[in-house]
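**Q** Sending over a structure as structure tokens; questions will come in a sec.
In the numbering used here, the protein residues as written are 629 to 736.
Pasting the structure below:
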């Protein structure tokens, strides 16, 4: 089994179907699909070429990961990454685990 342990929804303009097509092309069985929270002051505009304009400065919202999971639950392992420096990070992570079944913590 081949598992991609670090990837993001819509990265390099791959919608969910194109993402699955790419996984199939390279015989990837599962992907850890990860969100990414980033303060605007730390966001590198160089990422703009890789992610949807609607996500910029919020980086990659957890809702995008949920969208991928809803369509292909057998192909993804849900990851969430609240900014650990925020006071509510643990509560947000706990909610993601309890409510949505998040299994991994992504970006740190």
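C-beta atoms are modelled at their ideal positions from N, C-alpha and C, and glycine is treated no differently.
1) What are the uninterrupted segments assigned as alpha helix (DSSP H) that are 4 or more residues long and contained completely in the region 680 to 735, given in chain order?
2) If I measure Cβ to Cβ from residue 720 and keep anything under 6 Å in the same chain, skipping five residues before and after, which residues do I get?
3) Please look up how many angstroms separate the CB atoms of residue 708 and residue 680, rounded, as I've assumed it's under 8 Å.
4) Based on DSSP bridge pairs, tell me the residues matched to residue 635.
5) Counting along the chain, where does the alpha helix (DSSP H) carrying residue 652 start and finish?
**A** Reading it off the structure:
1) 690 to 699, 717 to 728
2) 710
3) About 18 Å separates the two Cβ atoms, so there is no contact after all.
4) 661
5) 644 to 653
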